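Residue numbers (my numbering), protein chains in the order written: chain R, 2 to 116; chain F, 21 to 138.
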């Protein structure tokens with residue numbers, strides 16, 4: 002198993018550009034989520050999905066879109082990048098949303114810089 | 021909404037010594053899980069230990085143990101016999117297990133940067 006795979010690992014964007022951060026898991030997990038990590042802020046939830054075709058907003062959803070067409074993939078789209086979106090982004094998956102004691106698996110993160 | 025507070029932005033400990041990282045949380049829920057995650061310089065998020073709120077017994081994982089005080093809403097992490105590989109950012113996280121909006125979501129603290137000194 003590869004676990005949770007995020008691509009790319011690093012990205013520099015110009016203000017106004019769009020891009021998609023990819024996230025894929027091969028563990029047949031139902032629950033997937035995106036976080037952003039900023040210095041002194043911890044990790045904050047952007048969007049999450051409890052299964053294919055179902056997504057919902059987290060704490061900081063503005064400026065981001067998601068979709069879940071398959072169980073394996075959960076891409077995060079930046080529609081028009083802004084410097085405030087400079088951050089490290091993590092994708093995570095868990096077997097099932099309501100099985101709280103199962104471990105959340107994280108990808109290796111994407112460091113995004115918007116100039 | 022739940023909040024998780026880690027009051028120590030940075031800490032250091034001598035190799036082989038013991039260190040305790042603090043975490044407090046605020047919630048009106050009675051059923052929840054608490055976690056400690058480790059993030060080394062590689063950026064990988066690694067689960068260190070988890071605690072179920074309804075369990076009185078404190079969780080332990082080898083050199084890592086917690087002191088869970090439910091009434092005080094406190095969840096500290098003790099690292100014994102500190103090793104150089106323990107140098108990392110440590111995040112405390114809270115997960116409520118009710119059925120409403122926000123249930124089963126992880127809320128993270130801001131983190132404590134731990135340095136183990138040789």
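We put the CB at the ideal spot given by N, CA and C, even for glycine.
Computed from a predicted structure; not experimentally measured.
Is there a Cβ of chain R sitting closer than 8 angstroms to that of residue i, yes or no?
i: residue 90 of chain F; result: no
i: residue 93 of chain F; result: no
i: residue 114 of chain F; result: no
i: residue 84 of chain F; result: no
i: residue 126 of chain F; result: yes
i: residue 105 of chain F; result: no
i: residue 133 of chain F; result: no
i: residue 130 of chain F; result: yes
Contact criterion: CB-CB distance below 8 angstroms. Does residue i meet it with respect to chain F?
i: residue 89 of chain R; result: yes
i: residue 11 of chain R; result: no
i: residue 75 of chain R; result: no
i: residue 105 of chain R; result: yes
i: residue 113 of chain R; result: no
i: residue 109 of chain R; result: yes
i: residue 14 of chain R; result: no
i: residue 44 of chain R; result: yes
i: residue 52 of chain R; result: no
i: residue 41 of chain R; result: yes
Quick one: what's residue i bridged to in DSSP?
i: residue 59 of chain F; result: F:109
i: residue 112 of chain R; result: R:11 and R:89
i: residue 46 of chain F; result: F:23
i: residue 87 of chain F; result: F:96
i: residue 54 of chain F; result: F:71 and F:114
i: residue 32 of chain F; result: F:135
i: residue 41 of chain F; result: F:97
i: residue 65 of chain F; result: Per DSSP, none; premise fails for residue 65 of chain F.
i: residue 126 of chain F; result: Looking at the DSSP assignment, residue 126 of chain F forms no beta bridge with any residue, so it has no partner.
i: residue 22 of chain R; result: R:77
i: residue 6 of chain R; result: R:25
i: residue 81 of chain F; result: F:84
Using a Cβ-based criterion (distance less than 7 angstroms to any ligand heavy atom), does residue i qualify as near the ligand COA?
i: residue 70 of chain F; result: The ligand COA is not among the ligands present in this structure, which contains no ligands whatsoever.
What residue ranges within the segment 24-102 of chain R form continuous beta strand (DSSP E) runs of no fewer than 3 residues, ordered along the chain?
-> DSSP runs (the beta strand (DSSP E)) wholly in the segment 24-102 of chain R: 32-39, 43-52, 55-58, 65-67, 77-79 and 88-95.
Given 8 angstroms as the limit, is there contact between the segment 60-69 of chain R and the segment 8-16 of chain R, that is, 3 or more CB pairs closer than that?
-> With the cut-off at 8 angstroms, the segment 60-69 of chain R and the segment 8-16 of chain R do not touch.
Given 8 angstroms, three or more beta-carbon pairs between the segment 47-61 of chain F and the segment 94-108 of chain F | Flag = yes, the segment 47-61 of chain F and the segment 94-108 of chain F touch.
Could you tell me whether the segment 33-51 of chain F touches the segment 84-100 of chain F, where touching means 3 or more Cβ pairs closer than 8 angstroms?
-> The segment 33-51 of chain F is in contact with the segment 84-100 of chain F.
Residues of the segment 57-80 of chain F whose Cβ lies closer than 9 angstroms to any Cβ of chain R, in chain order | Legend: CB atoms of the segment 57-80 of chain F lying less than 9 angstroms from CB atoms of chain R belong to residues 57, 59, 62, 63, 64, 65, 66, 67, 70 and 72.
Would you call the segment 23-34 of chain F and the segment 20-31 of chain R touching, i.e. three or more CB-CB distances under 8 angstroms?
-> Cβ pair count under 8 angstroms is below three, so no.
Would you check if there are 3 or more beta carbon pairs closer than 8 angstroms linking the segment 68-76 of chain R to the segment 50-57 of chain R?
-> At 8 angstroms Cβ cutoff, the stretches touch.
Between the segment 33-48 of chain R and the segment 85-96 of chain R, are three or more C-beta pairs nearer than 8 angstroms?
-> Under the 8 angstroms Cβ criterion, the segment 33-48 of chain R counts as touching the segment 85-96 of chain R, having at least three qualifying pairs.
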